[in-house]
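Undergrad: With the first letter of the sequence shown counted as 1, position 32 gets the number 527 in this note's numbering; the numbers rise by one all the way through.
Ideal Cβ positions, reconstructed from N, Cα and C, are used throughout, including at glycine.
The following block contains the structure, expressed as structure tokens.
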Amino acid sequence: MAPREQWSSKIGFILAAAGSAIGLGAIWKFPYMAGTNGGSIFVLLFIISTLAIGLPILLAEFVIGRMGKADAVTAFKRLAPGKRWPIVGWIGFAFGFIVLSFYSVVGGWILSYLARALIFRLDAADHGQLFESITSNPVEILLAQAVFMLLTIWIVQGGIKAGIERASRWMMPLLFIFFIVLAIRSLTLEGAMEGVRFLFVPDWSLLTGETFLIALGQAFFSLSVGVTAMMTYASYLPKGERLGQSAFSVALLNIVISILAGLVIFPAVFALGQSPSEGPGLIFIVLPAIFGQIPFGSFFMILFFILMLFATLTSSMSMLEIVVSTGIRAKYDRRRRAAWVFGALIFIIGIPSALSFGVLSTVQIFGMSIFDFADVLTSRIGMPIGALAISIFAGFILTKSQTSKELNMHPILYNLWRFLVRFAAPAAIIVIIAAWLIEIIR
Ligand code: PFF
């Protein structure tokens with residue numbers, strides 16, 4: 496039987512985990528959410544939520560993953576024999592399917608934009624209309640989604656070292672370097688400072704409970720916590736590496752890229768008199784309009800979509816990895832076939848989400864489009880519930896001596912982590928879910 500793989504180095508693991516975290520959450524959702532939720536206040540709350548709640552849960556996933564040394568279902572079986580905890584692994588498995596089914600739709604949009612930018616430039620009189628015509632065209636959108644899934648499958652079937660680690664190793668550094676280049680381009684536009692002010696100078700009157708909840712939800716989605724992706728990645732880590740440092744690096748890199756994305760987008764938005772509160776179309780509608788007006792705009796536009804594609808792929812492969820590793824359990828020689836079979840299934844499940852911007856736009860589930868429903872189901876239910884279970888497991892089921900040995904951290908930091916993961920994180924998650932339920936009932 497094929498042996499279980501490992502990352503070739505700590506940095507390889509950090510880049511892959513940061514790759515999972517940094518994706519549409521940081522580059523697409525973060526700017527538009529900041530834009531519609533008060534800018535700087537949202538940024539501040541997002542940073543606090545990431546460090547105080549997201550990071551402790553991320554570390555909990557790392558601990559469980561490395562101690563279990565297996566896919567999530569097997570890990571829970573090993574760490575709490577005879578109990579029902581493996582259900583958490585199965586929840587991750589199920590949500591791996593759902594999250595990738597709609598994530599790949601946006602992955603497809605990026606490919607469509609990229610192909611159009613390369614072939615005909617993205618000139619359009621009305622970019623809003625262009626966005627609508629692309630996202631509602633069934634043939635183009637399904638084809639693009641299929642290509643995006645093929646790329647994801649192709650990387651994941653290569654395995655941990657030759658597939659996921661190798662892809663992350665060159666995609667992530669390029670993402671950082673070119674995002675800095677893009678931010679400089681945006682910051683040197685005339686009138687750019689208004690955008691910087693929007694991101695960093697807080698207007699305290701905008702501080703509300705709702706903004707806090709939205710920022711917390713964003714921190715979860717953005718750190719990929721709650722669906723066992725990070726647990727699975729940590730299971731390929733050898734003993735001895737300090738988990739605390741790795742988790743902190745991942746959280747910090749995710750914050751840095753989110754803010755860089757803001758620094759690419761908002762200075763340009765303000766410099767060219769666009770609206771920061773455009774919503775989900777912000778990147779697809781406002782950016783091409785902006786890039787159309789600045790020197791070397793089409794070059795920067797293409798660069799932006801290539802980077803966004805990298806960021807999206809390094810996240811989508813972690814979603815497929817959850818499904819593949821749980822699907823094959825210890826039968827590592829089945830990885831290749833599993834990646835193709837599950838990848839194809841995910842594509843099929845994603846078809847209704849893709850079509851929900853066109854042919855199926857009238858179909859509603861609980862008053863939402865199919866795409867929004869899949870998104871809400873994962874980000875507001877699946878991930879928070881998974882994260883709650885994971886923090887309880889790490890805080891109450893694993894013993895203090897087990898986790899302190901595994902984490903090998905300074906006692907003050909260890910005690911802080913244990914407090915956050917036992918009390919602060921579960922309380923915050925229960926509040927998010929309760930607040931959301933109340934909102935629905937009202
Ligand atoms: N963190 C990813 C992003 O922000 O785009 C999304 C994500 C990746 C969610 C992996 C869940 C997951 F398992």
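Do the region 551-558 and the region 722-735 make contact, defined as three or more Cβ pairs closer than 8 Å?
TA: yes
Undergrad: Looking at C-alpha atoms only, which residue of S753, N749, A784 is the closest neighbour of F765?
TA: Of the candidates S753, N749, A784, the one whose C-alpha sits nearest the C-alpha of F765 is A784.
Undergrad: Shorter than 7 Å, the distance from the beta carbon of F716 to the closest heavy atom of ligand 1, or not?
TA: It does: the Cβ of F716 is within 7 Å (strictly closer) of some heavy atom of ligand 1.
Undergrad: Take every Cβ of the region 641-657, pair it with every Cβ of the region 869-880, and state whether three or more of those distances are shorter than 8 Å.
TA: no
Undergrad: On the criterion of 16 or more Cβ atoms from any shown chain inside 10 Å, does R824 qualify as buried, or is it exposed?
TA: Exposed is the call here.
Undergrad: Using the rule of at least 16 other Cβ atoms within 10 Å of the residue's Cβ for burial, across every protein chain shown, is F615 buried or exposed?
TA: exposed
Undergrad: Cβ of A714 within 8 Å of Cβ of T894?
TA: Not closer than 8 Å, so no.
Undergrad: Can you tell me whether DSSP reads I559 as helix, strand or coil?
TA: helix
Undergrad: Anyone know if the C-beta pair for T821 and F588 falls short of 8 Å?
TA: yes
Undergrad: Let me know if K524 comes out buried or exposed under the rule of 16 or more other beta-carbons within 10 Å of its beta-carbon.
TA: K524 sits buried, since 16 or more C-beta atoms from the chains shown fall within 10 Å of its C-beta.
Undergrad: For a test of your reading of the model: does the CB of A521 fall under 7 Å from any non-hydrogen atom of ligand 1? Yes or no.
TA: yes
Undergrad: Output needed for S772: all residues of its chain with C-beta closer than 7 Å, excluding positions within five of it in sequence on either side, in chain order.
TA: G530, T531
Undergrad: For ligand 1, I want to know if S864 counts as a neighbour, meaning its beta carbon is within less than 7 Å of at least one of the ligand's heavy atoms.
TA: no
Undergrad: Mind checking who M863 pairs with in its DSSP beta bridge?
TA: I860
Undergrad: Regarding V559 and ligand 1, is the C-beta to nearest heavy atom distance less than 7 Å?
TA: Sequence inspection shows Ile at residue 559; the Val mentioned does not correspond to that position. No; taking the cut-off as 7 Å, the Cβ of I559 has no heavy atom of ligand 1 nearer than that.
Undergrad: For ligand 1, any of its heavy atoms closer than 7 Å to the Cβ of G690?
TA: no
Undergrad: With the cut-off set at 8 Å, would you say P762 and S700 are in Cβ contact?
TA: no
Undergrad: Using a Cβ-Cβ cutoff of less than 6 Å, which residues in the same chain neighbour V751 once the five nearest sequence positions on both sides are dropped?
TA: none
Undergrad: Span of the alpha helix (DSSP H) holding R832?
TA: 830-850
Undergrad: How would you write the range of the alpha helix (DSSP H) that R661 sits in, first residue to last?
TA: 661-682
Undergrad: Please confirm whether A884 and I636 have their CB atoms less than 8 Å apart.
TA: no
Undergrad: Can A869 be considered in contact with ligand 1, in the sense that its beta carbon sits closer than 7 Å to one or more heavy atoms?
TA: no
Undergrad: Which runs of the alpha helix (DSSP H) spanning at least 4 residues fall entirely within the region 869-911, listed in chain order?
TA: 878-887, 895-902
Undergrad: Name the residue from M904, F918, F852 whose alpha carbon lies nearest to the alpha carbon of S628.
TA: F852
Undergrad: Does any residue of chain D have a CB that is nearer than 8 Å to the CB of A567?
TA: Absence of chain D from the displayed structure is noted, only one protein chain being present.
Undergrad: R616 by DSSP, collapsed to three states: which one?
TA: Note: R616 maps to coil in three-state DSSP.
Undergrad: Looking only at C-alpha atoms, which of G690, L808, V781 sits nearest to M796?
TA: V781
Undergrad: To the nearest angstrom, report how far apart G776 and G533 are at their CA atoms.
TA: 17 Å
Undergrad: Return the CA-CA distance between M666 and W649, expressed in angstroms with no decimal places.
TA: 15 Å
Undergrad: Could you check what DSSP says for F799 in three-state terms: helix, strand or coil?
TA: helix
Undergrad: When you compare each of I789, L645, Q640 to R831 by their alpha carbons, which one comes out closest?
TA: L645
Undergrad: For V634, does the count of other Cβ atoms within 10 angstroms reach 16, so buried, or fall short, so exposed?
TA: exposed
Undergrad: Going by CA-CA distance only, name the one from W835, A756, I672, G603 that's closest to L638.
TA: G603
Undergrad: Indicate the three-state DSSP secondary structure (helix, strand or coil) for W502 in the structure shown.
TA: coil
Undergrad: Just to confirm, is the Cβ distance from T706 to L540 under 8 Å?
TA: yes
Undergrad: How about N903 and R737: are their beta carbons less than 8 Å apart?
TA: yes
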